[in-house]
Every structure is written in structure tokens, then in C-alpha cells.
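See structure below.
Numbering (our numbering), first residue to last: 678 to 991.
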């Protein structure tokens, strides 16, 4: 089965047939954008393809998008109401369906999204082995070093974090080093690392990995440490004070932390007031910087606790 087939199965036929007939390298699709009164737009092979009438495309109607929402929610929108209010559903295969439209608020918080007229489908794609080159830098003997992975949005940090998690969990080795597998706890707030579907990770995150899915990073970290005793905690996209406090708690509790943040340089996160204290106290010993200029997920440098360059991939 092709990676995208689970997506095509849940899309209305009028949409899936346009995509199948209009795209030659369908198994290389990364993203599908559906917008009311607009053509379908596909991101494939790092380029954008607009499926106009010449390519057999259709302008999507409100009914098309409504049918799409019903289908991906297995014709039980009520059962998926919490997911929809958060803006996405993860379907079988780990593919993520994002929604936007008119929101309903209650006590200042978004309660639900109605009149969904914009849909973004991100095709799940694992790249096993993409962490091979950096793993030797994440150890001091047998001790795992607290690590921040930095990249711009879409730069591949979650893909890299996933493979680091898998290999730390399964155990890994080369001709110079060999490490046994460790218990890893993942807090997957937006279901992007493990892509759980009905509680089951659709991505391979390793033999010894436990997951808190659809849970805030801070609460998940506290719960993991109390209930699952991980040696390593993996989290994606630190962004709030609560996240940072929880990560600090994990580190002082004796867990190694592998985390990601948005940024274009190490200096970016050094200037982040939320992260500054941990960086200043050298609680992180490795900074892995990715760039999407060459290709998504390219490691351009690794720095140590003093921010000195120990690997230059430019």
C-alpha cells in the first residue's frame, strides 16, 4: 500500500480522483490544501501544483469540504469534537488533517470550529536513519546529553526527533559505539511525533517508548516522570513558560531531555527569554541546528554547552 492511500480512502471521491488523475508522482505528495471556492493545491517534490481545470481540477464547494470533514471524522463529528476544536484530526497511517474556519468561543477559549472552509492534509512520512549522523554527538560515554533541535517551521525537526526517539528506544550502534535501548517518554501534544490513532502510534518510535498523546507538554512531562519512569523525555516545540518549567523539572529529576524549538540559529534561541535561563546555566549540552535551504532536515551544525561548533555540515 502506498503511503498516501489511507488519505485517499477517506477523501470524497470527487477530491481523491482529481488528485490521483492530476499528480504523476502521487506517492511523493507532502501536503494537500483544500479551500472553499478554490482549486486543490498540492505540495509535491518540494514544488506546488495547482490542480486547475486543465488538470481535471474542480473549484471546491462548501458541500465538498463538509463531506470531507464528515468522512475524516468517520461520520461521527460529535465523537471528534474535541479534536476538531483543537484544529486537527489524526487518521489511520498517522496523517494529520488540519481545519480552520469560524470559531465558537466560550469564556474566551475556542470551544469548537464551525463552517470549516479550509483544510490542510499533511502526509505522514518517516525517514528512518535520518538521525544516524547526529547520535554519536548526543552522548558523553553512556550518558545522554540534554539536546535542543532547532529549525524553522517545516525544517524537519519533528522528523529528526522521531528518529532520535526510535533509536534511543531500540538501541543503536556503529563500529565505534554501541548503546543499549532505554525507556523513552514522549509527550506528543499535537500528535505529530507518534501520530497516534486510537491510542496506537502509527509511526515507529521504538520498542521502549511510552506516549502521552494529545496532552499538554507540561502536564505530560510531570505525569510521565511520576508514572512511567523514563530515562529520556522527548517533546516537540517548546513555546510556553509552563513547557520550560516542566523541562527543567525533568532535567533536575535525572531525565535526559531531547526537545525541539523554532528558530533559524542558535542565537535565536539564546535571545528567547523563556529559554535563556536554562541555556545560561548550561542545562542543555547539545544544540542541533537544521536548515531547509539544501533539503529538509539537513543538519548544518552541532554546538556544545558553551555554544562552540563541534560539527559543521555547511
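For glycine and all other residues, C-beta sits at the position ideal for the given N, C-alpha and C.
Report the option in 957, 694, 873, 689 whose CA atom is closest to the CA atom of residue 765.
Looking at the Cα atoms, 873 is the closest of the given residues.
Determine, using beta carbons only, whether residue 862 and residue 929 come nearer to each other than 7 Å.
No; because the gap between Cβ atoms is not below 7 Å, this pair is not in contact.
Tell me the start and end of each unbroken alpha helix (DSSP H) in the segment 757-793 that is at least 4 residues and wholly inside, in chain order.
You should have 758-763.
So, is residue 878 buried or exposed, given that buried needs 16 or more other C-beta atoms within 10 angstroms?
So residue 878 ends up on the buried side.
Along the chain, which unbroken stretches of the alpha helix (DSSP H) at least 4 residues long are found entirely within the segment 898-950?
Segments of the alpha helix (DSSP H) lying fully in the segment 898-950: 918-929, 943-947.
Can you give the beta carbon distance from residue 938 to residue 825, rounded, assuming they're within the 8 Å contact cut?
Going by Cβ atoms, the distance from residue 938 to residue 825 rounds to 6 Å, so yes, they are a contact pair.
When the distance is taken between beta carbons, is residue 749 closer than 7 Å to residue 687?
In this structure, residue 749 lies closer than 7 Å to residue 687 by Cβ.
Would the segment 807-818 count as touching the segment 778-786 if we require 3 or more Cβ pairs under 8 Å?
They do not touch, by the three-pair rule.
Please go through the same chain and pick out, in chain order, the residues whose beta-carbon is closer than 8 Å to the beta-carbon of residue 680, but skip the five residues on each side of it.
For residue 680, where only same-chain residues beyond five positions count, the Cβ hits under 8 Å are 704, 770, 800, 801, 802.
Taking DSSP's pairing of strands, which residues face residue 667 in a bridge?
This structure cannot settle anything about residue 667, because the visible part of the chain is limited to 678 through 991.
Can you tell me whether DSSP reads residue 964 as helix, strand or coil?
Residue 964: strand per DSSP, three-state reduction.
Does DSSP put residue 978 in a helix, in a strand, or in coil?
Here residue 978 sits in strand by DSSP.
Can you name the start and end residues of the alpha helix (DSSP H) that residue 699 belongs to?
Residues 690-699.
The beta strand (DSSP E) spanning residue 746 covers which residue range?
Run containing residue 746: none in the beta strand (DSSP E); it sits in the alpha helix (DSSP H), 739-749.
Residue 724: buried (16+ other C-beta within 10 angstroms of its C-beta) or exposed?
Exposed: under 16 other Cβ atoms inside 10 Å.
So, residue 898 versus residue 936, is the Cβ gap smaller than 7 Å?
It is not a contact, given that the beta carbons lie outside the stated cut-off.
Under 7 Å, do residue 739 and residue 713 count as touching if we go by C-beta distance?
Their beta carbons are under 7 Å apart, which means residue 739 touches residue 713 by this criterion.
Pull up the distance between the alpha-carbon of residue 925 and that of residue 742, whole angstroms please.
Each residue's Cα considered, the two are about 43 Å apart.
Distance check for residue 697 and residue 921, CA to CA, integer angstroms please.
Residue 921 and residue 697: Cα-Cα distance of roughly 44 Å.
If you draw a straight line from the alpha carbon of residue 986 to that of residue 730, how long is it in whole angstroms?
Approximately 51 Å, taken between the alpha carbons.
As a quick exercise: from 980, 905, 840, 815, pick the residue whose alpha carbon is nearest that of residue 943.
Here the closest residue by C-alpha is 980.
Would you list the residues sitting across from residue 726 in a DSSP beta bridge?
Paired residues: 719.
Three-state secondary structure (DSSP) at residue 812?
Reduced to three states, the DSSP call for residue 812 is helix.
Here's the rule: buried if 16 or more other CB atoms are within 10 angstroms of the residue's CB, otherwise exposed. What is residue 907?
So residue 907 counts as buried.
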